[in-house]
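>
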Amino acid sequence: SETTPGVRDLARALVRACLLTGVVDRLFSSALSVFAYGSTVSRLFQGVASVPLAPAAFDGGAPTVALGLVMHVGVAFGWSAVFLLLVTRSTWIRGVLRSTRGVIMAAAVYGPVIWMVMSLAVIPLFTHRPPAITFRWWVQFFGHFPFVGVPIVASIGSGLRSRHG
483 SETTPGVRDL ARALVRACLL TGVVDRLFSS ALSVFAYGST VSRLFQGVAS VPLAPAAFDG
543 GAPTVALGLV MHVGVAFGWS AVFLLLVTRS TWIRGVLRST RGVIMAAAVY GPVIWMVMSL
603 AVIPLFTHRP PAITFRWWVQ FFGHFPFVGV PIVASIGSGL RSRHG
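In terms of the numbering used here, the sequence shown has 546 at position 64, counting the first letter as 1, and numbering is strictly consecutive.
1. Answer with buried or exposed for threonine 582, where buried requires no fewer than 16 other C-beta atoms within 10 angstroms of its C-beta.
2. With DSSP run on the structure shown, which of helix, strand or coil describes alanine 536?
3. Compare the C-alpha of phenylalanine 510 against each of Pro537, His626 and Gly593 and name the closest.
4. Check proline 612 in the structure and name its three-state DSSP category.
5. So, using beta-carbon positions, are isoleucine 615 and phenylalanine 565 closer together than 8 Å?
6. What number of angstroms, rounded off, separates the C-alpha of leucine 526 from the C-alpha of glycine 584?
7. Have a look at alanine 495 and tryptophan 574 and give me their C-alpha separation to the nearest angstrom.
8. Please determine, among Ile605, Ser572 and Gly488, the residue with the shortest C-alpha to C-alpha distance to leucine 535.
9. Determine the closest residue to serine 515 out of Val621, Ser640, Ser637 and Val557, with distance taken between C-alpha atoms.
10. Using 8 Å as the threshold, is the region 496-504 in touch with the region 551-571, meaning 3 or more CB pairs across them?
11. Is arginine 508 helix, strand or coil by DSSP?
12. Find the nearest neighbour of alanine 589 within the set Pro628, Val505, Val552 and Leu642, judged by alpha-carbon distance.
13. Note down, in chain order, each residue of its chain lying with its Cβ closer than 6 Å to the Cβ of cysteine 500, except the 5 sequence neighbours on either side.
14. With distances taken Cα to Cα, identify the nearest neighbour of glycine 639 among Arg576, Gly504, Tyr592 and Trp619.
15. Is the beta carbon of alanine 538 less than 8 Å from the beta carbon of glycine 550?
16. Just to confirm the assignment, what range does the alpha helix (DSSP H) spanning methionine 478 have?
17. Note the first and the last residue of the continuous alpha helix (DSSP H) segment covering leucine 549.
Structure (structure tokens):
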């Protein structure tokens with residue numbers, strides 16, 4: 483039907499959203515780590531791996547960097563899949579995504595929501611530490627709109643438009 487996207491279109495959109503978000507957010511977080519925070523890309527992804535592995539991940543070398551990268555893509559896939567589920571369940575969201583303005587508005591909400599859920603719930607659940615709401619937290623909050631929300635929402639939205647104009 484006109485309001486229900488095709489499974490193949492949505493599967494392609496999900497893969498595109500995962501890969502695009504994984505790359506765009508990796509570039510954003512890597513640039514922040516190196517240029518703004520004076521750290522390294524390896525330390526960034528060891529930090530990701532340290533969420534389930536504890537601080538010992540920082541001594542794990544290349545294997546924990548690789549694990550952090552895999553986790554990063556897995557999280558991008560998970561949040562892309564959540565958005566896809568929302569799209570398939572809501573004719574209202576599908577309607578919003580029919581315009582560029584709607585995609586931008588949805589991304590402006592969805593990206594920061596992802597950061598809030600991850601930083602305020604998921605990460606503290608694993609680390610047993612409360613979040614630190616610092617300047618860096620706010621950089622991530624606002625950065626999640628263009629570097630996470632846009633790739634996910636635009637990719638899933640394009641899956642709708644590719645079939646339905």
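Just so it is clear, CB atoms sit at the ideal spot from N, CA and C, and this is done for glycine as well.
In short, the structure shows the following:
1. exposed
2. coil
3. His626
4. coil
5. no
6. 33 Å
7. 19 Å
8. Ile605
9. Val621
10. yes
11. helix
12. Pro628
13. Ala558, Phe559 and Ser562
14. Arg576
15. no
16. One cannot answer for residue 478 here, as it falls past the ends of the chain, which runs 483 to 647.
17. 543-571
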